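Taken in order, these protein sequences are the chains called A and B.
Number 64 in this note's numbering belongs to position 72 of the first sequence; there are no gaps in the numbering.
Heads up, this note's numbering is the position in the second sequence plus 155, with the first residue counted as 1.
Virtual Cβ for every residue (Gly too), placed ideally from N, Cα, C.
Values in this document were obtained by computation on a predicted structure and should not be read as measured data.
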Amino acid sequence: MVLSGWEAVFFWVFSIAALFTGLLMIMARNAVHSALFLISTLVSVAALFVLAGAEFVAGAQVLVYIGGVMVLFLFVIMLVNVGAEERGRGQLFNSSAQVTATALLGLLLAIGLVYAINQGVKGLNEPNRRSDEMAGQRTAEQQALPVSATGDMKITADTQRLGSSLYRYASLPFEIASLLLLVAIVGSVMLARTLKQEAAADDVDPEVLKEVVTTPEERAELESVSR
Amino acid sequence: MNLSLALQIQNVSPDVNLLLILPELIVCTAGVIVMMVDAFARPRQRWMTGGLALVGLVAAMAASFWMWSGWAGPREAFHGMIVLDELRLGFTFIALLVSALTVLVSMVWVEGENLPAGEFHSLLLFATSGMMLMASGGDLVIIFLGLEILSIATYVMAGFRRTDLRSNESSLKYFILGSFSSAFLLYGIALVYGATATRTGLAGTTNIAEIANRLDVSLYPPLLFAGAAMMLVGFGFKIATAPFHVWTPDVYEGAPTPVTAFMAAGPKAAGFASFLRVFVFGFPFVATVASVQGQIHAAWLGALVVLAIITMTIGNVGAIVQNNVKRMLAYSSIAHAGYALVGFVAAGATGDPVFKSEALSSVAFYMLTYAVMNLGAFAVVTLIARSGDRRTDFEDYNGIGFQSPGLAFTLSLFMLSLLGLPLTAGFMGKIMVFRAALNAGYYSLVVIAVLNTAISAYYYLRLIIVMFFRERTTSWSAPRVPASVIVVLIITVLGVFYLGLFPNRVLDAFKTRPPAVMATR
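In structure tokens, the structure reads:
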């Protein structure tokens, strides 16, 4: 595929945006900023998916990662205390061993990536019987699909198959997964909330909490509540 | 996947049958209701959540008894993802019983420790629904989801006493090792899914009955072996078999005692339910040894025999050197997983439906007896440990025999039952499991198991001796026994004698009845 025209412009804009926001994500000191940068990265990658003709993957990326996972991330970040990380300034990129190891691993990763892409291109260029057959099958499937009212939009067969198997064949596991998420949320709120939040909720008397508190930090925290 | 199958899937009906998951639905709904009530109740009304949880569990038990006695409808739904057979009903009963007894033990305890009662009971109910799904799932996906629901709820319950370092350690250890083992299980499921793609162009499957059909037409047999091995490791972790047992003593010791009681009885039984279903029905016995199916069957059976021997031995030897009662019971729970594996081996080794159903029911019966006596023992340990779980060493039990005779005698009864003394449930459970193994021809395995039982006499009797024949050096004030715990002790003591004296009714209920052709497939 050769990029041309506006496609090329958008490709370069979004890929550079993805790279830079990715970098900014790991360099940001504030965890909330990191999460926001990660969202920008994911949006850029979703745009790249659209350019590649994978509209469904792009949609799923926006809905699942940006809509669901990242919001949950932000919840967790705001729930747990991340002040300590913010205060520890100057801890990044200061140990030479760390930097060397990172550079080496990054190099290895890059070599592996180039090798994998080379192999993939080689495989693509060697047409074999099986892939031809599959291609024929796919066109047949595409033709069997319903065409929308305007006649110009077709959902891909894979999308339709995914939807069917998720909501028809696997409807029960789909529902059970929501129960799993509920348990996980209840559990994390239960474990992650601070003593302050616990005392603020009406169920616990700060005097009672004082008896179970052991460390001085927690005690100070509690006193700030009761005041 | 070829074109015709793709179109077929697109038009497939969801195959919904809500009656078939009625017990699970009741327990989940109860969990949500408990959460809502807790959110709107005044602090003084929090005790209601325990009562509500009990109501939900009893209702689910009634529903499962109804399914047990007169079920005329289809025996599977949701495309075989949920199945109904005696194996499922038996383990569902165990899960509900364990959960109900845990609620009774913890009702007063949770208030006394100033822990949030609503969260505790709703998590317990969700964990129970996870256990029930593990028993009823006929599909690896359902089993995995059930296992995760159960595990996540249990991780949180283990760390419930947040200000206690031991509880934190227990929760974190359980979480890290548990997710590690879940990953093993999931990887195994993925490999089996990939390996069950057939040469005729069908995509892979996660349905257990379908996996069994496809073993010999598998596209990639080596992947089947790798997948089965990884699932074996994953389940081995969950039911605490050696060499995957290392987390058990630390986690059981650190977790709050009622939670330990639940963890030792409930998740272990649920793990056995899925373990049995996946391996006995998914990779079943076949007469032709040379086929792929025959090789896989021989491989996992051989691995299980070794696992059973190591597990029994390590559990019993490890228990001897413990000085903490909770750690001792943790090692004893490892040993009991080993005894139950003996019955598992017998269930896997035969193709005869009658022998197989006998062996399966013996494992279910064993888990039931273990759950009853273990919960009883932990109920007493909870009482003696007092607030903060401070008194759990053997020394704390010195000479309490004649000062709190009621508690000491019940605890001794449970110890004797765990040891397997005649007339008690533990004896009958062991007899059933060993008989199944003898029928399948595993004589040496049974001999090793019996020798191990003899070793276990040392540490079970040691607790009794400590209670009755040691001098007490520190002062002792008898703990106040709440009414709900008295109920638990009565149920478990009666259960120990009932299962030990009249096991036949329960055993018959656990056996596959003739119309259930599905389970013997």
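Under 8 Å between the Cβ atoms of VAL643/B and VAL296/B? Going by C-beta atoms, VAL643/B is not nearer than 8 Å to VAL296/B.
For PHE195/B, does the count of other Cβ atoms within 10 angstroms reach 16, so buried, or fall short, so exposed? Exposed, by the Cβ-count rule.
Query - Neighbouring residues, chain A, relative to ASN317/B (Cβ below 8 Å) - result: This sequence places Arg at residue 317/B; Asn is not what is there. Result: LEU183.
Relative to the C-alpha of PRO658/B, which residue among VAL265/B, ALA591/B, MET583/B is closest? For PRO658/B, the nearest C-alpha among the options comes from MET583/B.
_If I measure Cβ to Cβ from ARG627/B and keep anything under 6 Å in the same chain, skipping five residues before and after, which residues do I get?_
Same-chain partners within the cutoff: ASN553, GLY554.
So which residues on chain B does ALA169/A lean against when the C-beta distance must stay under 7 Å?
Within chain B, the residues near ALA169/A are LEU300.
- Whose C-beta lies closer than 7 Å to the C-beta of TYR310/B among residues of the same chain, with five residues either side of it excluded? Excluding its 5 nearest sequence neighbours in each direction, TYR310/B has C-beta neighbours in its own chain below 7 Å: SER326, TYR329, PHE330, GLY333, listed in chain order.
Would you say ASN362/B and THR468/B are within 8 Å of each other, going by their C-beta atoms? No, Cβ-Cβ distance for ASN362/B and THR468/B is not below 8 Å.
Rounded to a whole number of angstroms, what is the C-alpha to C-alpha distance between ARG317/B and PHE275/B? Approximately 13 Å, taken between the alpha carbons.
Go through its chain and collect everything with a Cβ distance to VAL49/A's Cβ below 7 Å, but skip five positions before and after it.
Sequence-distant partners of VAL49/A (beyond 5 residues in either direction) whose C-beta falls short of 7 Å from its own C-beta, in its chain, are PHE41.
LEU573/B classed as buried or exposed, judged by whether at least 16 other C-beta atoms fall within 10 angstroms: With 16 or more Cβ atoms within 10 Å of its Cβ, LEU573/B is classed as buried.
Contact list for PHE233/B against chain A, beta-carbon separation under 8 Å: Neighbours of PHE233/B on chain A, chain order: SER163, LEU164.
Is there a C-beta anywhere in chain B that falls below 8 Å from the one on LEU64/A? At a cut-off of 8 Å between beta-carbon atoms, LEU64/A makes no contact with chain B.
Can you give me the start and stop residues for the alpha helix (DSSP H) that THR537/B sits inside?
-> Counting along the chain, the alpha helix (DSSP H) containing THR537/B begins and ends at 508 to 540.
- prompt: By Cβ distance, which residues of its chain are closer than 8 Å to GLY359/B, with the 5 residues on each side in sequence left out?
  reply: Here the set comprises VAL347, TYR348, GLY349, ALA350, THR351, ALA352.
What three-state label does DSSP hand GLY684/B in the structure shown?
In this structure chain B extends from 156 to 676, so residue 684/B is not present and cannot be described.
Note to self: Considering only the alpha carbon of each residue, which of GLU303/B, PHE624/B, LEU654/B lies closest to ALA701/B?
What the structure shows: The first residue shown for chain B is 156 and the last is 676, placing residue 701/B beyond what the model contains.
| query | Does DSSP classify VAL441/B as helix, strand or coil? | reply | In the three-state reduction of the DSSP assignment, VAL441/B falls in the coil class, being assigned neither a helical nor a strand state.
Task: Cβ neighbours of GLU(-1)/A in the same chain (closer than 7 Å, five flanking residues each side left out) - done: Result list for GLU(-1)/A: LEU43, in chain order.
query = If the cut is a Cβ gap below 8 Å, which residues of chain B does VAL61/A touch?
reply = None at all; the shortest Cβ gap to chain B is about 17 Å.
Q.
My output table needs one value for GLU268/B: the three-state DSSP class, helix, strand or coil.
A. In the structure shown, GLU268/B sits in coil (DSSP, three-state: anything other than H, G, I, E or B).
Quiz prompt | Spatial neighbours of LEU618/B in its chain, beta-carbon cut-off 6 Å, leaving aside the 5 residues before and after | solution = Same-chain partners within the cutoff: MET570.
Margin query: Quick check on GLY179/A - is its C-beta less than 8 Å from some C-beta in chain B?
Written below: Yes, GLY179/A lies at the interface with chain B (some Cβ there is under 8 Å from its Cβ).
message = Between LEU496/B and LEU462/B, how many whole angstroms is the CB-CB distance? I'm expecting something under 8 Å.
response = About 6 Å; that satisfies the 8 Å criterion.
* Asked: At a Cβ threshold of 8 Å, is VAL144/B touching chain A?
  -> Missing from the structure shown is residue 144/B; chain B here goes from 156 to 676 and no further.
(Q) Using beta carbons (cut-off 8 Å, strictly below), is ASP144/A in contact with chain B? (A) Caution is warranted here: a pLDDT of 42 is assigned to ASP144/A, below 50, making its placement in the model unreliable, and no coordinate value can be reported.
* Would you call the stretch 502 to 515 of chain B and the stretch 629 to 636 of chain B touching, i.e. three or more CB-CB distances under 8 Å? -> They do not touch, by the three-pair rule.
State the DSSP-derived secondary structure class of SER336/B, mapped to helix, strand or coil. Residue state, collapsed to three classes: helix.
Chain-ordered chain A contacts of TYR310/B [CB-CB under 9 Å]
Within chain A, the residues near TYR310/B are GLY179, LEU183.
Is the beta carbon of GLY273/B closer than 8 Å to that of ARG197/B? Not closer than 8 Å, so no.
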